[in-house]
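Okay, structure first, notes after.
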Amino acid sequence: DVKVTQSSRYLVKRTGEKVFLECVQDMDHENMFWYRQDPGLGLRLIYFSYDVKMKEKGDIPEGYSVSREKKERFSLILESASTNQTSMYLCASRTFGIYGYTFGSGTRLTVV
Amino acid sequence: SQQGEEDPQALSIQEGENATMNCSYKTSINNLQWYRQNSGRGLVHLILIRSNEREKHSGRLRVTLDTSKKSSSLLITASRAADTASYFCAINNDYKLSFGAGTTVTVRA
């Protein structure tokens, strides 16, 4: 089975900290995605990457950046964490020709 | 983005009953997908229906798509306690998926 692993299940950070959320997939998928999920708003796309070293802005990229130096790893970076970035963050991957996404278990981030 | 919107927001049914939820969207699509999320976990892909398909089945799941009305429905038959989860439709028309806010389904024993 394809696995998408997010490094932390729960994370508490302070306002202003630089935060790294890591996502690793083990099935050589080309596409990777970062979403945040908030009650009543569903999932909103932050950034995505079609392939290694490529990145594209999603619908809500402000306050975030990403890095994809290796195909299997896609990192989400909160440059200076703020309380409005408290959320559930979900990473997903997909390979060309297969439309369904495989999701990680999520990282619940609290910024205090 | 072209989000899907699910209806109802929440649904409570007895074990053994059927659960139906709907999804509406605003633009043209390549395909529409349904996902399940168990409490506080990641999403699991359930079923995909392409824009040229009208109905699809997978086990106890039945999905319909009406592109003229820009709507889809997901039917879960003979529900079980393990079906308690949130269900999301996702619109795909440019390699990205846009999700709605989901329908929360509670199956009572």
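Protein chains in written order, with my numbering: chain A, 140 to 251; chain B, 2 to 110.
C-beta: ideal position from N, C-alpha, C; glycine also.
Computed from a predicted structure; not experimentally measured.
task = Check whether the Cβ of B/I48 lies closer than 7 Å to any heavy atom of the ligand GTP, and answer yes or no.
result = Although the ligand GTP was asked about, the structure shown includes no ligands whatsoever.
inquiry  = So A/K157 and A/L217 are supposed to be a Cβ contact under 8 Å. How far apart are they, rounded?
reply    = What you label residue 157 of chain A is simply residue 18 of the first sequence in a count that begins at 1. What you label residue 217 of chain A is simply residue 78 of the first sequence in a count that begins at 1. Contact flag correct, Cβ pair sits at about 7 Å.
message = Please confirm whether B/A102 has its beta-carbon closer than 8 Å to some beta-carbon of chain A.
response = Numbered from 1 along the second sequence, position 101 holds the residue referred to as residue 102 of chain B. So yes, B/A102 belongs to the interface.
key: Proximal chain A residues relative to B/Q15, where beta-carbon distance stays under 8 Å   = Here the question's residue 15 of chain B lines up with position 14 in the second sequence. What B/Q15 touches in chain A: nothing, since even the nearest Cβ is about 26 Å away.
Pairwise C-alpha distance: B/L44 and B/I30 = Counting from one through the second sequence, the residue named residue 30 of chain B turns up at place 29. Counting from one through the second sequence, the residue named residue 44 of chain B turns up at place 43. If you take the alpha carbons of B/I30 and B/L44, they lie about 21 Å apart.
ask   = Can a CB atom of chain A be found closer than 8 Å to the CB of B/G43?
value = Taking the first residue of the second sequence as 1, we reach residue 43 of chain B at position 42. Closer than 8 Å: yes.
Cutoff 6 Å; reference A/V191; Cβ partners in own chain excluding five residues on either side = Against the first sequence, residue 191 of chain A aligns to sequence position 52. Correct list, in chain order: R207 and K210.
key: Closest Cα partner of B/S74 within the set B/Q15, B/Y88 and B/N94   = For this step, residue 74 of chain B is matched to residue 73 along the second sequence. The option with the nearest alpha carbon to B/S74 is B/Y88.
Range of the contiguous beta strand (DSSP E) that encloses B/T107 = Against the second sequence, residue 107 of chain B aligns to sequence position 106. Per DSSP, B/T107 belongs to the beta strand (DSSP E) from T104 to R109.
query = What beta strand (DSSP E) runs, 3 residues minimum, are completely inside the segment 24 to 62 of chain B?
reply = 32 to 38, 44 to 51 and 56 to 59
inquiry  = On the CB-based measure, 16 or more other CB atoms within 10 Å of its CB, does B/A110 come out buried or exposed?
reply    = As a first step, residue 110 of chain B must be located in the second sequence, where it is residue number 109. It is exposed - the Cβ of B/A110 has fewer than 16 other Cβ atoms within 10 Å.
Selection of the segment 235 to 248 of chain A by Cβ proximity to chain B, strictly under 8 Å = Y238, G239, Y240, T241, F242, G243, S244, G245 and R247
ask   = Among B/S52, B/H46 and B/S13, which one has its Cα closest to the Cα of B/S59?
value = What you label residue 59 of chain B is simply residue 58 of the second sequence in a count that begins at 1. Selected option, being the one with the closest Cα: B/H46.
Within 8 Å, strictly: CB atoms of B/A83 and A/G181 = Translated into positions along the second sequence, residue 83 of chain B becomes position 82. Translated into positions along the first sequence, residue 181 of chain A becomes position 42. Not closer than 8 Å, so no.
request  = Give the straight-line distance between the Cα atoms of B/I92 and B/W35, rounded to the nearest whole angstrom.
outcome  = Counting from one through the second sequence, the residue named residue 92 of chain B turns up at place 91. Counting from one through the second sequence, the residue named residue 35 of chain B turns up at place 34. Approximately 9 Å between the Cα atoms of the pair.
inquiry  = Please list the terminal residues of the continuous beta strand (DSSP E) segment that includes A/V250.
reply    = Here residue 250 of chain A refers to the residue found at position 111 when the first sequence is read from its first residue. Where A/V250 is concerned, the enclosing beta strand (DSSP E) stretches over T246 to V250.
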